[in-house]
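Numbering (UniProt numbering), first residue to last: 1 to 215. Cβ atoms here follow ideal geometry from the backbone N, Cα and C, with glycine treated the same way.
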């Protein structure tokens, strides 16, 4: 019998982090002397996308920030990681630990494919005490093309040793759903408070809670 796998996105799937990302993006830009607000940055359209995608567009809009998106991204990552380490009330999204335990019990391989850098991924999974559930991790910093390209999910599947058609992706963002389908994988979309008006029509299944997933 062929092995099967579940591959999880992280932000908005394992951790409710979109507000943290929004706050630290604004703080990073302001730290370089440009006054911006969340509304100025159209942050909703970057949910599930890479830091390179976001900060490259920021530099095009605010040329006074220079021409190196990585400088801004580095500052943002520092601010975000400080919160991950120090915030007392961070916890996984409801139902995630139980779903991971159910998957392990049923013999599924478990992977992660995130647009985040590896340092952020490891911080979150270690902070929540769930890193040992994961058989393979692929981070956005390891691939050339960010979501909606399929690269990060194909890398995760390769590391799991499971064929893409035997993988199910759990996503919360339109870009990630597109990435999963481009990789030839089944996709479950989970709605959360940050979903907004995102298009989930490409997903095979749309859920509101993790206990809706039937194994």
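Pull up the distance between the alpha-carbon of residue i and that of residue j, whole angstroms please.
i: residue 193; j: residue 210; result: 15 Å
i: residue 207; j: residue 66; result: 42 Å
i: residue 35; j: residue 215; result: 49 Å
i: residue 75; j: residue 154; result: 29 Å
i: residue 170; j: residue 131; result: 17 Å
i: residue 44; j: residue 159; result: 31 Å
i: residue 88; j: residue 82; result: 12 Å
i: residue 113; j: residue 52; result: 17 Å
i: residue 126; j: residue 143; result: 22 Å
i: residue 22; j: residue 116; result: 14 Å
i: residue 196; j: residue 205; result: 18 Å
i: residue 181; j: residue 135; result: 22 Å
i: residue 91; j: residue 84; result: 10 Å
i: residue 39; j: residue 141; result: 27 Å
i: residue 42; j: residue 86; result: 28 Å
i: residue 203; j: residue 172; result: 10 Å
i: residue 111; j: residue 101; result: 13 Å
i: residue 213; j: residue 119; result: 29 Å
i: residue 57; j: residue 150; result: 21 Å
Verify whether the separation of the beta carbon atoms of residue i and residue j is less than 9 Å.
i: residue 148; j: residue 176; result: yes
i: residue 137; j: residue 121; result: yes
i: residue 104; j: residue 133; result: yes
i: residue 139; j: residue 152; result: yes
i: residue 109; j: residue 3; result: yes
i: residue 64; j: residue 33; result: yes
Between the Cα of residue i and those of the options, spot the shortest distance and give me the residue it belongs to.
i: residue 14; options: 57, 25 and 99; result: 99
i: residue 37; options: 46, 104, 25 and 53; result: 25
i: residue 94; options: 199, 191, 169 and 181; result: 191
i: residue 77; options: 201, 20, 60 and 96; result: 20
i: residue 145; options: 39, 40, 201 and 50; result: 50
i: residue 31; options: 202, 119 and 79; result: 79
i: residue 201; options: 187, 60 and 97; result: 187
Taking 9 Å as the CB-CB cut-off, is residue i touching chain D?
i: residue 203; result: Of the protein chains in this structure there is only one, and it is not chain D.
Just to confirm my understanding: we take residue i, look at its own chain, exclude 5 residues before and 5 after, and list those with CB closer than 6 Å. What are they?
i: residue 167; result: 5, 7, 157 and 185
i: residue 72; result: 28 and 55
i: residue 46; result: 54
i: residue 198; result: 174
i: residue 60; result: none
What is the C-beta distance between residue i and residue j, in whole angstroms, given that I count them as a contact (C-beta under 8 Å)?
i: residue 48; j: residue 174; result: 7 Å
i: residue 18; j: residue 11; result: 7 Å
i: residue 164; j: residue 183; result: 5 Å
Near residue i, what residues of its chain come up, given a Cβ to Cβ distance below 7 Å and the 5 sequence neighbours on each side ignored?
i: residue 97; result: 130
i: residue 68; result: none
Whose C-beta lies closer than 8 Å to the C-beta of residue i among residues of the same chain, with five residues either side of it excluded?
i: residue 16; result: 93, 192, 193 and 194
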